[in-house]
Amino acid sequence: DFSKINFIQFTHTVMDILDEIKDRRNRTIFNFLEFNGDGELDIMILMQLFNNVKRNTMFGQEILKMVREYKTRNVLMKEGFSRQVTLNFATFNRLIPYSSLVDEFQYRIFGMYVPAKKDYELKKMRRAEEDRLNYGEKKQTVRR
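Every letter in the sequence shown is one number past the one before it in full-length UniProt numbering, and letter 114, counting from 1, is 114.
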């Protein structure tokens with residue numbers, strides 16, 4: 001039965017959502033949306049998703065962006081494109097640099113215990129250090 005996955009497969013998929021490398025996180029979301037197994041998103045499935053998702057959500061806007069790309073390049077043939085564009089991972093990654101589903105899945109799976117991203121913590125530490133240095137400079141200026 002292909003609908004069952006074991007714990008190792010589940011954790012492997014979930015760990016990719018937590019990965020620091022943007023392409024791996026987006027690849028995980030792409031794999032969730034790609035139902036046929038052919039490496040391309042099906043426009044009919046995207047349209048069904050779009051019709052059933054609230055359009056004012058970030059995910060709804062991502063779906064709309066992909067549908068518009070498909071329509072512009074394949075149906076209307078605007079901008080002089082002579083060959084059809086497929087909605088493969090490269091196209092998905094170009095259109096959606098950071099899918100909103102990454103954060104949604106992280107929160108739904110881990111709740112408030114999502115591991116902090118290294119870049120965020122590094123920026124936070126730098127900001128604290130700058131604040132400390134700026135506070136020291138302000139103190140010296142007041143004393144003079």
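Quick reminder that beta carbons are idealized off the backbone N, C-alpha and C, glycines included. Since the model is a prediction, treat every value here as computed from it, not as a measurement.
- DSSP lists 40 as the bridge partner or partners of residue 88.
- A distance of 7 Å or more separates the beta carbons of residue 58 and residue 95.
- The alpha-carbon separation between residue 85 and residue 39 amounts to approximately 13 Å.
- DSSP places residue 98 outside both helix and strand once states are collapsed to three, so it counts as coil.
- By alpha-carbon distance to residue 92, the top candidate from 71, 60, 41 is 41.
- With 16 or more other Cβ atoms from the protein chains shown falling within 10 Å of its own Cβ, residue 26 counts as buried.
- In the structure shown, residue 14 falls within a helical segment according to DSSP collapsed to helix, strand and coil.
- Annotation for residue 17: 25, 28, 102, 105, 106 place their beta carbon closer than 7 Å to its own, counting only its chain and skipping 5 residues before and after.
- The beta carbon of residue 49 sits closer than 7 Å to those of 63, all from its chain and outside the five residues before and after it, given in chain order.
- In the three-state reduction of the DSSP assignment, residue 108 falls in the helix class.
- Counting of Cβ neighbours within 10 angstroms places residue 70 among the buried residues, the total reaching 16 or more.
- Straight-line measurement puts the Cα of residue 52 at about 29 Å from the Cα of residue 9.
- Here DSSP, grouped into helix, strand and coil, assigns residue 75 to helix.
- The shortest C-alpha to C-alpha distance from residue 23 to any of 108, 127, 97 is the one to 97.
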